[in-house]
Structure formats: structure tokens, C-alpha cells
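Structure record follows, encoded as C-alpha cells.
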Amino acid sequence: MARILIVATAAANRRTLKRLLERRGHRVIAVASAEAALPLAAHAELIIAALRLPDKLGTALLGEGPPLLLTADAADRPAALAALRQGAAGCLVEPFDPEALLTAAERILLQAARHDAAPHAAPSSLDGLVGETPAMHALLAQARKVAPTGAPVLLLGEPGTGKTLLARALHAASPRRTAPLIEVDCAAIAAERIEAELFGHDKGAFAGATRTHRGLVEAADGGTLLLAAVDALPPAAQARLLRVLQAGELHRLGATQRRQVDVRVLAATRHDLQALIADGRFRADLYFRLRVVELRLPPLRERSEDVPALATQLLARACARLQRPPLALAPEALAQLRAHAWPGNIRELADALERAAARAEGDTLGPGLLALAQPEPPPSETGPSLPDERLARFIREHEDQLSENELAARLGISRTTLRARRQRLGLPRRGGADDK
7 MARILIVATA
17 AANRRTLKRL
27 LERRGHRVIA
37 VASAEAALPL
47 AAHAELIIAA
57 LRLPDKLGTA
67 LLGEGPPLLL
77 TADAADRPAA
87 LAALRQGAAG
97 CLVEPFDPEA
107 LLTAAERILL
117 QAARHDAAPH
127 AAPSSLDGLV
137 GETPAMHALL
147 AQARKVAPTG
157 APVLLLGEPG
167 TGKTLLARAL
177 HAASPRRTAP
187 LIEVDCAAIA
197 AERIEAELFG
207 HDKGAFAGAT
217 RTHRGLVEAA
227 DGGTLLLAAV
237 DALPPAAQAR
247 LLRVLQAGEL
257 HRLGATQRRQ
267 VDVRVLAATR
277 HDLQALIADG
287 RFRADLYFRL
297 RVVELRLPPL
307 RERSEDVPAL
317 ATQLLARACA
327 RLQRPPLALA
337 PEALAQLRAH
347 AWPGNIRELA
357 DALERAAARA
367 EGDTLGPGLL
377 ALAQPEPPPS
387 ETGPSLPDER
397 LARFIREHED
407 QLSENELAAR
417 LGISRTTLRA
427 RRQRLGLPRR
437 GGADDK
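Following this line, the structure appears as C-alpha cells:
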């Protein structure tokens with residue numbers, strides 16, 4: 007267990023926090039001022055300090071060695087956010103649940119332990135992300151630079167390339183890491199409900215609004231909001247999101263006043279937003295606000311050199327989930343993995359390895375267990391003459407892996423024709439529901 011230093015003015019607060027942490031097995035020293043804490047700081051593994059102390063601000067303890075977790079009154083929120091930007095590991099706004107403090111403290115201790123255990127981590131890794139190709143080296147170098155900032159990031163890439171994983175890594179490497187990361191799949195929420203879900207509503211805002219609802223943007227205040235399939239946002243929700251990005255202002259449905267929020271927005275999509283802008287389906291001003299930084303994840307077929315490292319990592323995770331002994335990849339299985347095209351990208355690789363691990367016996371996973379599906383060649387008939395049944399089956403089987411432009415190209419028809427055939431067959435575009 008860890009050595010923790012508590013710095014709080016009120017004796018009752020010191021006693022409460024000391025008992026709480028000692029019950030979890032930690033060794034705790036509690037003092038009343040920054041001056042008393044300074045000689046003890048070097049011997050602690052974590053400092054928990056009030057932002058307002060009788061002699062100095064709690065931020066005076068930054069840089070003394072251990073990570074600093076601050077506690078602050080609601081009125082001190084601006085100073086608390088400034089402390090996070092200066093390097094504080096976290097800040098809890100009072101009143102807070104004791105369990106929230108324990109969770110934050112132990113998360114910070116775990117992150118510190120991981121950092122100490124791997125001080126010479128590979129330069130191409132970012133919290134579990136693997137990449138040795140030049141494209142991945144460049145991507146991860148850019149991600150490391152932008153992670154500590156509050157800049158919005160637009161994450162682009164095919165389904166299954168790891169956009170959500172990269173977003174989580176950006177949050178974990180930022181000063182907001184102890185604050186919430188709220189993940190929203192915009193395509194999974196009905197268009198008529200998404201404004202209320204994201205931005206909240208006051209009681210009586212619409213029929214059925216029997217109570218005030220705090221939206222997901224507000225829940226992410228002080229932390230990070232990940233909007234997967236951001237292209238699925240309807241126009242009204244796009245306008246409200248733009249206001250959050252431009253002015254840090256949130257307007258609940260039915261509310262007469264706006265409220266301030268501090269949220270970092272990460273947006274992910276598989277689609278070409280500039281094409282959607284040209285079609286009048288996405289706001290150009292919102293696009294430019296979201297893409298302050300743009301990170302494009304390459305498909306797995308363009309980074310086959312990374313397959314061995316990815317497969318090893320994903321197989322270890324699969325074995326842990328299945329609660330079975332670790333497995334080694336046979337050379338023949340590894341060769342089979344490298345030769346596969348992976349239209350479903352990393353998600354397809356992870357699923358294939360988990361299926362194989364569930365059936366494996368012994369300590370080696372051979373090629374016979376992988377059962378990799380061979381991609382179906384595109385239909386021989388093209389254009390308007392393609393039979394409806396074959397067209398419908400082809401669309402259903404490939405729309406999660408291919409964009410609309412790619413589907414149309416594989417079918418030998420225009421995107422406009424594909425849209426018309428979808429409407430006739432009752433096959434609406436999914437709008438990026440699998441855009442992770």
C-alpha cells in the first residue's frame with residue numbers, strides 16, 4: 007500500500023480522510039499547512055491537499071515529487087482548472103463522495119506505478135497503442151504532443167481501426183485524466199432524442215419532461231467528451247455543440263439561461279465530413295472547430311508489420327477475459343494473420359483471436375483455429391441490372407467495413423444510384439453506428 011500525505015486546514019477533514027485511506031491499508035500522515043507538508047512531500051507517493059490552505063495554495067506542492075490530488079470548493083473551480091493545466095493529477099470539487107476520492111487516489115497511484123515500472127517504454131506506444139510503421143510512428147508522436155493540451159481532436163479512420171482506443175489514451179495522458187471521460191455513440195441515439203441526451207433539459211421543456219435532466223455534455227464538465235459517429239448529429243445538435251466549443255456555454259432544452267462548462271471534445275467518424283458539408287449535412291464552422299487537430303488512423307491492411315505485436319497483445323487480453331492460461335501464436339498462425347486482408351481492421355483481429363482462444367487446447371494457438379473468413383468477391387453483375395436480392399445481401403455484409411463511396415465503387419454504380427437502391431430496398435444507411 008502507498009504512503010499518502012494529507013494537507014487540510016480543518017482537523018475534522020484530516021481525521022476523516024486519514025481514517026478512510028487507512029481502512030484501505032494506506033500509510034497516512036496528515037498536516038494542516040503547506041509549510042508543514044513541504045519537508046514530508048519527498049517521502050510520500052501521493053499528496054492530497056486542499057486548494058485553499060492557510061499559508062499558501064495547495065499548488066505550492068506541485069513539483070515536490072509525488073503526484074498531487076487537490077480538493078476545492080465549487081467557487082474555486084477556475085483555480086482548480088488552472089491547477090490541472092499546471093500539472094495537478096486531479097481535482098475533486100466539494101462536496102464529494104468518499105468513494106470518489108478513493109477511486110481518484112488509487113487511479114493516480116496505479117498510473118504512477120505503471121510509469122515507474124516502464125520508464126523506458128517504446129517510443130511508439132501510447133497507453134497500449136501499438137505501432138512500428140512510419141505512419142503509426144508519426145500518428146503517435148502527434149498524439150503525444152496534443153494529449154496534454156485541451157485542443158479538440160478529430161479522429162478519422164475506418165471502423166475498427168482504434169479511434170475509441172486512441173481517444174481513451176488521449177484522455178488518460180491529459181491533465182483531465184482523473185475527471186470523467188464520457189463516450190457517446192451519436193448514431194445509437196434517435197435523432198429526436200439526441201439534443202436532450204447530450205445537452206440536457208429543464209422540467210417541462212417538452213411533453214414527457216417531468217424532471218430536469220443533466221445531459222452528457224454537462225456530465226463531462228472538467229473532463230473529456232468523446233463523440234463517436236459525430237457525422238450522425240442532426241443540425242440542431244450541431245448548432246448547440248458549436249456553442250459549447252466556441253464559448254464554453256451549454257444551453258439545456260427549455261432553459262432560459264446558459265451555463266458555463268469546461269469540456270474537451272474528441273470527435274470520431276469514418277466518413278468524409280467535407281463531403282457531408284458539400285451535401286449540406288454537416289456545418290462547416292463546426293467541422294473547423296472540431297479539427298483543431300486531426301488524427302487519421304490507418305487501416306490494418308496498410309500496417310501489416312504491426313500485426314504480430316497487435317496479435318500478441320490482443321491474444322493476451324483474450325486469454326485474460328476467458329480466464330484461461332496464456333497462449334503462444336504458432337509461426338504458421340502468425341503467417342496466416344499477416345497474410346489476411348482484415349477488412350474489419352483491429353476489431354476483426356481481436357474477434358478472431360478471442361474465438362480461437364476459446365477453442366484452443368494446450369499452450370499454442372495453431373492456424374487451424376483461426377477460421378478466417380475469406381472476403382466475398384464483388385458481384386459479377388454491376389450497375390442497375392444487379393439483382394435486388396444479391397445487392398441487398400452484399401450491402402448488409404459489407405456496409406460495416408466499407409464507406410458508401412467504397413460500396414458504390416465495388417458495385418460499379420454511382421453513390422446516387424446506391425442511395426436510390428437503398429431506399430427502394432428499405433436498407434437505410436446505418437450512419438456510422440459501428441464507428442469506433
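Sequence positions in the sequence shown follow my numbering and run 7 to 442. Idealized CB from N, CA, C, for every residue including glycine.
Check, Outcome
"If we ignore side chains and look at the alpha-carbon of each, how far apart do residue 428 and residue 204 end up?", "30 Å"
"May I ask which residues mark the beginning and end of the alpha helix (DSSP H) holding residue 77?", "Counting along the chain, residue 77 falls outside any alpha helix (DSSP H), though it belongs to the beta strand (DSSP E) covering 74-78."
"By how many angstroms is the C-alpha of residue 297 removed from the C-alpha of residue 174?", "17 Å"
"Out of 217, 257, 273, state which residue places its alpha-carbon closest to the alpha-carbon of residue 235.", "273"
"In this structure, does DSSP put residue 267 in helix, strand or coil?", "coil"
"Under 8 Å, do residue 316 and residue 149 count as touching if we go by C-beta distance?", "no"
"Could you tell me if residue 78 is buried or exposed, where buried requires 16 or more neighbouring beta carbons within 10 angstroms of its beta carbon?", "buried"
"In its own chain, which residues sit with a C-beta less than 7 Å from the C-beta of residue 201, not counting the 5 before and 5 after it?", "242, 243, 246, 259"
"Going by the CB atoms, is the gap between residue 144 and residue 487 shorter than 8 Å?", "Here the chain covers residues 7 to 442 and nothing more, so residue 487 does not appear."
"Buried or exposed for residue 182, going by 16 or more other Cβ atoms inside 10 Å?", "buried"
"Where residue 210 and residue 217 are concerned, what is the direct C-alpha to C-alpha distance, given to the nearest angstrom?", "7 Å"
"Can you list, in chain order, the residues of its chain with a C-beta nearer than 8 Å to that of residue 23? Leave out the 5 residues immediately preceding and following it.", "12, 14, 34, 36, 54, 107"
"By a C-beta neighbour count over all protein chains shown, 10 Å radius and 16 as the cutoff for buried, is residue 262 buried or exposed?", "exposed"
"Looking at the unbroken beta strand (DSSP E) that takes in residue 57, where does it start and where does it end?", "From DSSP, residue 57 is part of no beta strand (DSSP E); its letter is neither H nor E."
"Going along the chain, which unbroken runs of the beta strand (DSSP E) with 3 or more residues stay wholly within the segment 204-243?", "230-234"
"Express the C-alpha separation of residue 60 and residue 191 in angstroms, rounding to a whole number.", "45 Å"
"Could you check the C-alpha separation between residue 266 and residue 255 for me, to the nearest Å?", "5 Å"
"What does the alpha-carbon distance come out to for the pair residue 5 and residue 283?", "Nothing about residue 5 can be reported from this structure: the residues present for the chain run from 7 to 442 only."
"Excluding the 5 residues flanking residue 172 on each side, which residues of the same chain have their C-beta closer than 7 Å to its C-beta?", "135, 149, 161, 301, 303"
"Which residue wins for smallest C-alpha separation from residue 80, given the options 228, 41, 293, 166?", "228"
"Considering only C-alpha positions, which residue in the set 357, 109, 56 is nearest to residue 319?", "357"
"Kindly indicate the opening and closing residues of the alpha helix (DSSP H) around residue 362.", "351-365"
"Residue 76: which of 280, 10, 140, 49 sits nearest, CA to CA?", "10"
"Check whether the Cβ of residue 345 sits closer than 7 Å to any heavy atom of the ligand GDP, and report yes or no.", "As far as ligands go, the structure on display features none, and thus does not contain the ligand GDP."
"Any chance you could list the beta strand (DSSP E) runs of at least 3 consecutive residues sitting entirely within the segment 17-45, in chain order?", "33-37"
"Terminal residues of the continuous alpha helix (DSSP H) containing residue 313?", "313-328"
"Tell me which residues share the same chain as residue 139 and place their Cβ nearer than 8 Å to its Cβ, disregarding the 5 neighbours each side in the sequence.", "304, 308, 309, 311, 312"
"What are the boundary residues of the beta strand (DSSP E) that includes residue 191?", "187-191"
"Would you kindly work out how many angstroms separate the C-alpha atoms of residue 369 and residue 351, rounded to a whole number?", "26 Å"
"Starting from the Cα of residue 435, find the closest Cα among 415, 169, 365, 402 and give me that residue.", "402"
"Given that a residue counts as buried once 16 or more other Cβ atoms are within 10 Å of its Cβ, and exposed if not, what is residue 512?", "The question about residue 512 has no answer here: the residues shown for the chain are numbered 7 through 442."
"Sorted by chain position, which residues of the same chain lie with C-beta nearer than 6 Å to residue 299's C-beta, five sequence neighbours on each side aside?", "152, 157, 159"
"May I ask you to report which of helix, strand or coil DSSP gives residue 98?", "strand"
"Taking DSSP as the reference, what is the three-state secondary structure of residue 161?", "strand"
"Verify whether the separation of the beta carbon atoms of residue 321 and residue 340 is less than 8 Å.", "no"
"Pull the bridge partners of residue 253 from the DSSP assignment, please.", "In the DSSP output, where bridge partners are listed per residue, residue 253 has none listed."
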